[in-house]
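Chemist:
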Amino acid sequence: MALEFDTSDIEYMSYSGEHHLPLIMNLVDQELSEPYSIFTYRYFVYLWPNLSFLAFHKGKCVGTVVCKMGDHRHTFRGYIAMLVVLNSYRGRGIATELVSRSIKVMMESGCEEVTLEAEVTNKGALALYGRLGFIRAKRLFRYYLNGVDAFRLKLLFPRPEPDYSDSIKSIADESEEHGDGMPPEERIIQ
Amino acid sequence: MAEADGGGDAKAPLCSSIPSGKDAVWFDVSSLLHRACHDLRNDELISGENFNLFAALSALEIMDPKMDSGIVSTYYSVDEAIENGAAPIPLSFDRTSDIQCVIDIMDHFLACEATWHKGGSLAQTVFSCIYLLRPERTSSHALLHSFCRVIRATCSALVSAVSEARTNEEEDLFTMAYGLPLKVNGDEKCLSMIHAVDETLCRQLKACKATVSKKTVLEDVEPLQIHLDLEEGFCKAVLCRIRFRKHFYHVLTCLRKPQGRGLELAKKHIISCLSELDSMLKTEEFLRQHSACGTVENEDEKTTASGCQPVGFDSTLNSRSAAPTPPRAIKLLSWKRAVDYFRKLLHDLDVICSYSLDPVFEGALRFVVDVQKFQPDLVARAHIQLLLVQDGKLYGRESLFAVICKAALLPEGAKNHDIQKNESVQQLGQLLITLFGVLCANTAWQRRKLGKILQDWQIIYVQLELAFRKEFGETASTSVEQDLLLKVCKHILIWVEEQTYWIALRFLMLGFELELYSTDEYCMVYWYIYIILIKLAEKTHLKIMLSNDSSRRKSKKKKDFVKDVVKDYHVPPAVLFLQCYIHISQGLMMMLASLRNENNIFLCQGPFNTEQERFVQHFELLQKACLPDHASFFSFTETVANTHFSTLPIHNCFKDAQKIAKELRGSFANDPDRLGELRQIEQVAEHNYVALNLLCRLGSLEPSLKISFDFIHHPHFATASVKRS
Ligand SMILES: CC(C)(COP(=O)(O)OP(=O)(O)OC[C@H]1O[C@@H](n2cnc3c(N)ncnc32)[C@H](O)[C@@H]1OP(=O)(O)O)[C@@H](O)C(=O)NCCC(=O)NCCS
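First to last, the protein sequences are chains A and B.
According to the UniProt record's numbering, the first sequence is numbered sequentially starting from 1.
According to the UniProt record's numbering, the second sequence is numbered sequentially starting from 1.
#1: Nearer than 6 Å: is that true of the beta carbon of A/Ala55 relative to any heavy atom of ligand 1?
#2: Against chain E, with Cβ distances strictly below 7 Å, would A/Leu156 count as a contact?
#3: Check B/His108 in the structure and name its three-state DSSP category.
#4: I'd like the ranges of any alpha helix (DSSP H) spanning at least 4 consecutive residues and lying wholly in the stretch 196 to 275 of chain B.
#5: Do you know how far the Cα of B/Ala305 is from the Cα of B/Asp187?
#6: DSSP three-state call for B/Cys626: helix, strand or coil?
#7: Comparing alpha-carbon positions, which option in B/Leu621, B/Val78, B/His117, B/Glu398 lies nearest B/Pro376?
#8: What whole-angstrom Cβ distance do B/Phe436 and B/Leu388 have, given they're in contact under 8 Å?
#9: Find the residues of chain B that neighbour residue 225 of chain A, judging by a C-beta separation of less than 9 Å, and give them in chain order.
#10: Please report the distance separating the alpha-carbon of B/Leu698 from that of B/Leu692.
#11: Could you check whether the Cβ of A/Phe39 sits closer than 7 Å to any Cβ belonging to chain B?
#12: Cβ of A/Val62 within 7 Å of Cβ of A/Leu83?
#13: Quick one: Cα of A/Arg142 to Cα of B/Thr125, how far?
#14: Per the DSSP calculation, B/Ile707 is bridged to which residue(s)?
#15: Quick one: list the residues of chain A neighbouring B/Leu394, beta-carbon separation under 8 Å, in chain order.
#16: Can you pull the chain B neighbours of A/Met107, defined as C-beta to C-beta under 9 Å?
#17: Just to confirm before moving on: does the CB-CB distance between A/Thr40 and B/Ala56 stay below 7 Å?
#18: Within 8 Å, do at least three Cβ pairs link the stretch 125 to 136 of chain B to the stretch 220 to 238 of chain B?
#19: Rounded to whole angstroms, what's the CA-CA distance from B/Leu505 to B/Gln385? Just pull it up for me.
#20: Using a Cβ-Cβ distance under 7 Å, would A/Ile24 count as near chain B?
#21: Closer than 6 Å: is that where the CB of A/Leu140 sits relative to any heavy atom of ligand 1?
#22: If you pair each beta-carbon of the stretch 669 to 679 of chain B with each one of the stretch 614 to 625 of chain B, do three or more pairs fall below 8 Å?
#23: For B/Asp348 versus B/Phe374, is the C-beta spacing smaller than 7 Å?
#24: Pop quiz: B/Phe512 and B/His716 are said to be a contact at Cβ under 8 Å. What is the actual Cβ separation, rounded to whole angstroms?
#25: How about A/Thr96: is its Cβ closer than 6 Å to a heavy atom in ligand 1?
#26: Can you grab the Cα-Cα spacing for the pair B/Ala142 / B/Thr175, in whole Å?
#27: Return yes when the C-beta of B/Glu613 is under 6 Å from any heavy atom of ligand 1, and no when it is not.
#28: List the residues of chain B that A/Lys123 touches, going by C-beta distances under 8 Å, in chain order.
#29: Could you pull the start and end residues of the alpha helix (DSSP H) that B/His145 belongs to?
#30: Buried or exposed: where does B/Asn318 fall if 16 or more other Cβ atoms within 10 Å of its Cβ makes it buried?
#31: Indicate whether at least one CB of chain A lies closer than 7 Å to the CB of B/Ala323.
#32: Say whether chain A places a C-beta atom closer than 7 Å to the C-beta of B/Arg95.
#33: Rounded to a whole number of angstroms, what is the C-alpha to C-alpha distance between A/Lys58 and A/Met106?
#34: Which term fits B/Pro310, buried or exposed, when burial requires 16 or more other beta carbons within 10 angstroms of its beta carbon?
#35: State whether the stretch 241 to 256 of chain B contacts the stretch 267 to 283 of chain B, with contact taken as three or more CB pairs (one from each stretch) at a distance under 8 Å.
#36: Is B/Val722 close to chain A, meaning its C-beta is less than 7 Å from at least one C-beta of that chain?
Structure follows, in structure tokens:
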């Protein structure tokens, strides 16, 4: 399966227009089980083209990452929606480079944290994100349609020391979060 | 889209006839829309501000077989399906194949039901059966009719049990019954109908046995089907299936008897259910051999014992009317797996039925935690909850205030104190009910909720303190009254603190079961567990001393007092138990810290943040609730920085834990669960002691040593293993 190639031959590119869309869709359709409509892709790449990246090897698209960011309950957070590397190109740091680029843009854009969901069985992805500093913040019971649990992974960017000295007072009037902290908006399935 | 709108329709009278309201003026935009459509190419999207991710995900591509489940349905309605002969009655005019088909239906129902319990929707599983959807149609077929009735009655009983328990989000899908005919007139008589069918079958079975052996017919019994040589096999296959339903329905009714009064009887029916399941498995061979169809080869796809596809099911029929979101195809459990599921469910229910129902708080708490170790599914968990809290009382028997008083080690009379009418005290009772509910949820949800209710417990403490002070000033006039009130307040407050730390501990421990921590994070997690345990032990000890103190003051004369203090100085077993945990977690924390400091492993490093961010995220909820005070990332790093393999206490930790665990065996001789726990603790301590010594001798000298942590001896306390790679 392993392919001979020089990692220095891999070129990374930010999403830069309609011609990239079919490349992303093909990769994701090939490697992820969940079907997405074209509207889902459009939603991401049109609103946050600067957060999507593609990796090319000699002109062929071999990896991609698709993300968004926005306000979420008073925090500005980034969200990694899809990450895929062609099977024969895996294990050489391409995915790490792709997400790192997105995360950097998120950090520079003022995000306080980055989140995503991954199947509890997806050891590769979990290790990759763990190395980047993500923690497993929650386990989501039977999150995927196939009945498998997911982890909500979170990366918190450094910020000034939080002050909890008067938290008891503020707790009292903090309204109960809706549901389990999993707004339908983020029930994207990978 | 432009085509569908059709130019001619643009001037439809309906659009122009909507009168303008108070806040709205209506315009006909059809022609505008029509023109705009021409500007759009295929797949293009106009994104409005409210077009969020959910909307994007819900958008379907029509006729894409991966998404549009509408296109795979064969019929547009149940009636159309029936008209086309999808659910004939009788299933066949050949009586043998009629029976075979009914058995397949029974088996497929079991697969559907298990899939429903495991998270499928009722509409796409059990109610994908056309016979079930048209109750009146089956009345001419006694066997199928009674079976459908008992299935509906069972589903209906479970839906109400689960919705009454209201455990968590899982139930949303479980209880969604939309427009399904869940409650049908006459279903309440299902047991007597099943009983009649059972009797007929018994007579048929007897008759055929008699015919085979003595060649004489006892009475004039019409056989179940036409092949005499197969009669016994078919009779038996149907009997065990019918009886399983009967007993299972009994189990559910017994479980719902108030105050757990039906548990004994439920246990008997559980045994019967299990034996009928065994009988069902034994009929598999027979049914497969005599099946009249091409059978499914893949064991995992077989939803019937015979391997035939059942007649009369169509999971797409309800899909349009049923789901709020686009329906997705679901995969049914196989028949074998369904049988396994029911075995497990019955086992879990049996554990629940075996509980003593002693209305003591700690007992109830440990009961739920112990049952959760078997990882029961929703149905079993809902029943634990229904049993625990009935009519706002523990097991429907003991008022929560009485339960709290007992748990806070107050004397018997305290439970009648007027303070229970105080609003904050009543709120405390509510928190207790919530806590029981949370503990019955699946562990993933449970942990999230535990994290959140910590704050409620912190707040109630403050509120109780205020309320008690106010009460003290207003109502207690004599010194006797004041004494009693003071005592009640002190005990309850300490108990609330103890409980809060218990919740915090469970929150942290569940993180291991849910695999939320990476090995790099174990050090900080054990550090946190360690400091929480210290507080918990402290509060527990205080509570016990407080009650010893007051009971002694009451019952003993002055001169015995000094002697007693010496005697009572023994640390109570409950506290020693916690002490064991304290030693183990301290030992693990120090071992991990030394490995970080001396071997440079298990460090939390990443390109975007530091260990502090991980700490903040993992313990945010505890920190917000000040559990405990002054616990900070700074105090953690300070502790870690000063820890090395040469630090003396490390070595004592595991030794001490082992020693205490051994000594405690005597105190818990009658408690097999606790004894098991102690044995596990001993093993963890022993193995870690060995590993630690190895690391101290070889540690930094031998960089090829591979150190890993696993949970082979205890679900929360890791065991280190050291290997040469
Ligand atoms: C998960 C996935 C994106 C990872 O892609 P990848 O390009 O192989 O990831 P990386 O190469 O960056 O990292 C993976 C491994 O390569 C190693 N690696 C990183 N840089 C390397 C390099 N320069 N040379 C060799 N190996 C390297 C990493 O250490 C890591 O090893 P480990 O996990 O065995 O410890 C890919 O497996 C995939 O597409 N999976 C299917 C889709 C999926 O699951 N997506 C994620 C959903 S959350």
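Glycine is no exception: its CB is placed at the ideal position from the N, C-alpha and C atoms.
This one's a predicted model, so the numbers in the text were calculated from it and none came from an experiment.
Modeler: Per the coordinate set shown:
#1: No.
#2: No chain E is present in this structure, whose protein chains are A and B.
#3: When secondary structure is reduced to three states using DSSP, B/His108 falls in the helix class.
#4: Entirely contained in the stretch 196 to 275 of chain B, the alpha helix (DSSP H) runs reaching 4 residues are, in chain order, 228 to 255.
#5: Those two C-alpha atoms are separated by around 27 Å.
#6: Three-state result, B/Cys626: coil.
#7: Nearest of B/Leu621, B/Val78, B/His117, B/Glu398 to B/Pro376, Cα basis: B/His117.
#8: The Cβ separation is near 5 Å, so the contact holds.
#9: In the structure as shown, chain A begins at 1 and stops at 190. Residue 225 of chain A is therefore absent and cannot be evaluated.
#10: Cα-Cα distance, rounded: 10 Å.
#11: Under the Cβ distance rule, A/Phe39 counts among the residues neighbouring chain B, one pair being separated by less than 7 Å.
#12: No, Cβ-Cβ distance for A/Val62 and A/Leu83 is not below 7 Å.
#13: Cα to Cα, the separation comes out at about 17 Å.
#14: DSSP lists B/Val722 as the bridge partner or partners of B/Ile707.
#15: Ordered by position in chain A, no residue passes the 8 Å Cβ test against B/Leu394, which lies about 25 Å from the chain.
#16: Chain B residues near A/Met107: Phe608.
#17: For A/Thr40 and B/Ala56, yes; Cβs fall inside 7 Å.
#18: The stretch 220 to 238 of chain B and the stretch 125 to 136 of chain B do not touch, with fewer than 3 CB-CB distances between them shorter than 8 Å.
#19: Between the C-alpha atoms of B/Leu505 and B/Gln385 there is a straight-line separation of about 21 Å.
#20: So no, A/Ile24 is outside the interface.
#21: Outside the cutoff, so no.
#22: Verdict: no, contact absent.
#23: Closer than 7 Å, so yes.
#24: Their Cβ separation, rounded to whole angstroms, is 5 Å, which keeps B/Phe512 and B/His716 in contact under 8 Å.
#25: Placement of the Cβ of A/Thr96 at a distance of less than 6 Å from at least one heavy atom of ligand 1 is found.
#26: So the alpha carbons of these two residues sit roughly 29 Å apart.
#27: Look at B/Glu613: its beta carbon is at least 6 Å from all of the heavy atoms in ligand 1.
#28: Within 8 Å Cβ-Cβ: nothing; A/Lys123 doesn't reach chain B, min ~11 Å.
#29: Per DSSP, B/His145 is one residue of the alpha helix (DSSP H) stretching across 142 to 165.
#30: Residue burial is scored here from C-beta neighbours: B/Asn318 has at least 16 other C-beta atoms within 10 angstroms and is therefore classed as buried.
#31: Model confidence at B/Ala323 stands at a pLDDT of 49, short of 50, so the residue's coordinates are unreliable; what they give is reported in the following sentence. Interface criterion not met: the Cβ of B/Ala323 is under 7 Å from no Cβ in chain A.
#32: It does not: the Cβ of B/Arg95 has no partner Cβ on chain A nearer than 7 Å.
#33: Distance between the alpha carbons of A/Lys58 and A/Met106 is about 28 Å.
#34: A residue is called buried once 16 or more other Cβ atoms fall within 10 Å of its Cβ, and B/Pro310 is buried on that count.
#35: The stretch 241 to 256 of chain B is in contact with the stretch 267 to 283 of chain B.
#36: No, its Cβ sits nowhere closer than 7 Å to a Cβ of chain A.
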